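J.: Once you've had a glance at the structure underneath, I'll fire off some questions.
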Amino acid sequence: MERSLIVQSPRARLSQHSADSVDAALAHEILAEQASSLGRAGRAVAASLAALRAFDGEADERVRLVQAAADAVFGYFVQRELCGFRRHDDAIRDYAIPREVIVRVGAAAPQPG
8 MERSLIVQSP RARLSQHSAD SVDAALAHEI LAEQASSLGR AGRAVAASLA ALRAFDGEAD
68 ERVRLVQAAA DAVFGYFVQR ELCGFRRHDD AIRDYAIPRE VIVRVGAAAP QPG
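This is the structure we're talking about:
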């Protein structure tokens with residue numbers, strides 16, 4: 008009975024290990040960027056809602072602030088979904104997003120005229 012011996016060079020094993028390391032490093036970078044982007048979007052929501060809550064002026068300007076907040080919330084929801092979060096109830100509660108903003112999320116701003 009003849010036996011054959013299969014020998015794999017250390018270089019072949021090293022290249023597979025290197026490829027796995029590169030994949031892991033890339034996955035880590037992607038997750039870090041997703042988290043950073045989600046944080047920026049969350050700060051935009053907080054800032055736009057603070058501006059809306061602090062506002063006490065003309066109705067036209069308030070409409071603009073509501074739309075700006077809705078646009079920020081829409082961007083935040085998109086980032087959350089890219090990170091795997093499908094439900095937004097907790098975000099709506101945590102940021103205390105008012106209904107007047109929620110109903111404008113994803114809607115185009117009214118055009119003048």
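In the working numbering, each residue's number is its place in the sequence shown (first place is 1) plus 7.
Glycine residues also receive a C-beta, built at the ideal position from the N, C-alpha and C atoms.
Quantities reported herein were computed from a predicted structural model and do not represent experimental measurements.
Anyone know if the C-beta pair for A48 and Q86 falls short of 8 Å?
T.: Contact flag set, yes.
J.: Does the distance from the C-beta atom of A77 to that of V112 stay below 8 Å?
T.: Cβ atoms of A77 and V112: closer than 8 Å.
J.: Please report the straight-line C-alpha distance between R94 and V52, rounded to a whole angstrom.
T.: Distance between the alpha carbons of R94 and V52: 17 Å.
J.: From this set, S43, E107, F62, which residue's C-alpha is nearest V80's C-alpha?
T.: The shortest Cα separation from V80 among S43, E107, F62 belongs to E107.
J.: Is DSSP giving V85 helix, strand or coil here?
T.: In the structure shown, V85 sits in a helix (DSSP, three-state: H, G or I).
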